[in-house]
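Position 30 of the sequence shown, counted from 1, bears residue number 288 in my numbering, the numbering being contiguous throughout.
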Amino acid sequence: MFGFFLRWLFAFALLAVTFNPTRWNYTRWAMENYQSQLSVTVLAGLILFIGYIIYLRATLRSIGGLGMFLVAAVVGALIWVLIDWGILALGNRDQKVWLGLLALSVVLGIGLSWSFARRAMSGQFDVDETDE
259 MFGFFLRWLF
269 AFALLAVTFN
279 PTRWNYTRWA
289 MENYQSQLSV
299 TVLAGLILFI
309 GYIIYLRATL
319 RSIGGLGMFL
329 VAAVVGALIW
339 VLIDWGILAL
349 GNRDQKVWLG
359 LLALSVVLGI
369 GLSWSFARRA
379 MSGQFDVDET
389 DE
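Below, the structure written as structure tokens:
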């Protein structure tokens, strides 16, 4: 369980560092500083891009596009229920952005953790296919 939490936390951090409603994010920083710090902007962008490749590739391999859609649908339905019950109110844009980041990070966190969960439930390992 702690492993899932760490994988989700890193997914959330990756998304939040890239964009969030505060002024402390890569997107805003890059737009303001790319002319004076182009090399650092490119380096930071490439590091973020590598993080996305790792998460998206692992997620697509473990749960696939349909699995990503289903996890996103369940998270969306859960948010809908929380809004319906009055537990969650979407009053401003910033709150909606944070909620979207949370939802996307859950999809990526589950995708990266699915092989571990499947092995724990079934005892079977996931292995990559090779063309040898």
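C-beta: ideal position from N, C-alpha, C; glycine also.
Hey, is residue i's beta-carbon within less than 7 Å of any beta-carbon in chain C?
i    : result
A274 : Protein chain content of the structure displayed is limited to a single chain, and chain C is not contained in it.
Check for me: the alpha helix (DSSP H) holding residue i runs from which residue to which?
i    : result
N291 : 284–291
I321 : Counting along the chain, I321 falls outside any alpha helix (DSSP H), and DSSP gives it neither H nor E.
Indicate whether residue i and residue j have their beta-carbon atoms separated by less than 7 Å.
i    : j    : result
Y284 : V275 : yes
V365 : M326 : yes
Y313 : A269 : yes
L273 : L370 : no
G367 : R281 : no
L346 : L340 : yes
S320 : W372 : yes
For residue i, which residues from the same chain have a beta carbon less than 7 Å from its beta carbon, with the 5 sequence-adjacent residues on both sides left out?
i    : result
D352 : P279
Can you tell me whether DSSP reads residue i as helix, strand or coil?
i    : result
T280 : coil
I368 : helix
W338 : helix
W266 : helix
L348 : coil
W343 : coil
S363 : helix
S294 : coil
Given residue i, which residues of its chain have a CB within under 8 Å of its CB, disregarding the five upstream and five downstream residues?
i    : result
L306 : L272, V275, T276, Y284
Y292 : T299
G303 : Y284, A288
Using a Cβ-Cβ cut-off of 6 Å (strictly less than) and excluding sequence neighbours within five positions of residue i, which residues of its own chain qualify?
i    : result
V333 : A361, V364
L359 : L273, A274
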